[in-house]
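Take the sequence shown: its letters are residues 4 to 346, numbered as in the working numbering.
Beta carbons are placed, not taken as given, at the ideal position from N, Cα and C, and that holds for glycine.
Remarks on the structure that follows.
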Amino acid sequence: MDNRQWLLRRRPEALVAVEDFEWKVAPRPAIGAGEVLVRTLLLSFDPTQRGWLNDAPGYMPPVQIGEPMRAGGIGQVIESNRPDLRPGDIVQGTLAWADFVVSDGREMRALRKVDASEPLTHWLGIYGVTGTTAYFGMLDVGAVRAGDVVVVSGAAGATGSVAGQIAKIQGASKVIGIAGGAEKCAWLTEKAGYDAAIDYRSEKIGKRLRELAPRGVDLFFDNVGGEALDAVLLNLAQRARIVVCGGISSGYGTTMPLGPKHYMQLVFKSARMEGFLIFNYAARMAEGVAALRGWVHEGRIRFEEDVADGLENAPATLRRLFEGRNFGKQLLKVAEPSPLPAA
């Protein structure tokens with residue numbers, strides 16, 4: 004079987020386009036000592052991937068011109084020269100926009116086996132980076148407390164939707180979501196248990212916050228930045244906390260926007276604003292996954308998965324995130340697992 008793959012042709016200046024990538028069909032790669040060959044089954048799509056396309060330093064090295072686009076994913080071991088992984092094993096790790104990936108199990112190519120009794124999509128969403136980001140961001144960084152008034156931006160996204168529900172589980176008195184469109188806002192209040200939702204497309208965020216949280220916001224879990232962050236800064240309670248999880252309003256392009264206009268509110272309200280990366284919690288991932296699995300099985304957390312189909316649609320699937328078209332965790336199905344190791 005050949006190896007279809009998307010290579011980075013040029014660095015995007017704004018939103019990603021199909022023309023930024025090159026579709027190439029190459030022979031299936033061979034493995035060496037200590038390596039495994041993994042067939043891609045599912046790919047994860049997250050806003051941070053846009054940042055990997057910039058020629059700029061970050062928490063991960065940028066994808067280089069001519070390299071396959073990198074992505075988190077679920078795959079199946081096809082061939083193995085490692086004793087801990089056997090053909091047929093289902094694994095999770097950093098894969099690529101490709102049918103096959105060779106891994107030596109180190110650094111970015113580290114792999115771990117997953118429990119295939121759970122739907123495989125869950126391991127890239129609710130039990131993956133997005134769910135655990137919500138868990139550690141809300142509990143450790145935000146230190147949510149019973150009685151807090153909590154606001155979440157990007158609230159209908161894969162991370163935001165879970166973050167708000169965790170706040171409710173921890174006893175927050177009111178959880179308010181900011182999302183785009185009536186459908187997403189209705190899902191937040193009718194399915195995810197949010198107390199209120201603000202549609203930034205048709206409502207003024209600051210005005211609605213003053214109505215919904217007249218005593219101020221105790222905790223803001225921010226996935227968006229920009230106008231949403233500025234509006235919440237003007238509606239903080241004393242000793243509020245702001246968790247900076249992402250800034251999707253920036254588009255994660257080569258030119259990042261200037262900082263918030265009202266940052267001095269942090270001084271006036273004796274407030275704290277802190278950013279974080281899920282990689283800071285690598286040693287505690289099992290803790291987060293165990294808690295999330297318990298809440299899901301108890302029916303205390305609801306979530307959505309938006310699954311596109313076909314490797315050929317990878318560039319368009321990444322673009323969906325920045326057009327506000329995805330609903331919940333954005334995934335792409337590449338192949339079905341084989342009942343037996345591939346020949």
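- DSSP places Ser164 within a helical segment (H, G or I) once states are collapsed to three.
- Of the other Cβ atoms in all chains shown, 16 or more fall within 10 Å of the Cβ of Asp92; this residue is therefore buried.
- With a cutoff of 8 angstroms on beta-carbon distance, Tyr138 and Ala294 are scored as near each other.
- If you ignore the 5 residues before and after Gly174, its C-beta comes within less than 6 angstroms of the C-beta of Ala149, all in its own chain and listed in chain order.
- In this structure, the CA atom of Asp233 is about 6 angstroms from the CA atom of Lys264.
- Contact holds between the stretch 328-338 and the stretch 300-317, because three or more Cβ pairs, one in each stretch, are under 8 angstroms apart.
- Look at Gln173 here: in three-state DSSP terms it is coil, with no helix or strand label.
- Burial check for Glu301: the Cβ neighbour count within 10 Å stays below 16, so the residue is exposed.
- By the criterion of at least three beta-carbon pairs nearer than 8 angstroms, the stretch 141-158 is in contact with the stretch 180-189.
- Inter-residue distance for Glu230 and Ala285 is about 32 angstroms (C-alpha atoms, whole angstroms).
- Around Gly278, the same chain offers Val247 as residues with beta carbons nearer than 7 angstroms, after the five sequence neighbours per side are excluded.
- Our two residues, Asn316 and Asp23, have alpha carbons roughly 13 angstroms apart in a direct line.
- Beta-bridge analysis with DSSP links Arg7 to Val28.
- Nearest in C-alpha terms to Ser205, of all of Arg218, Val132, Cys188, is Cys188.
- Across the set Leu44, Thr162, Ser164, Val153, the C-alpha of Val153 shows the shortest separation from the C-alpha of Leu212.
- Pairing Ala166 with Tyr130, the inter-Cα distance amounts to about 13 angstroms.
- If one requires a minimum length of 3 residues, the beta strand (DSSP E) runs lying completely within the stretch 73-121 are 73-83, 93-99, 103-106, 114-116, in chain order.
- Looking at the backbone, the Cα of Leu88 and that of Val80 are separated by about 7 angstroms.
- Only exposed fits Tyr266, as fewer than 16 other CB atoms lie within 10 angstroms of its CB.
- Burial check for Ser120: the Cβ neighbour count within 10 Å stays below 16, so the residue is exposed.
- The criterion of a C-beta distance shorter than 8 angstroms is not satisfied by Glu38 and Val104.
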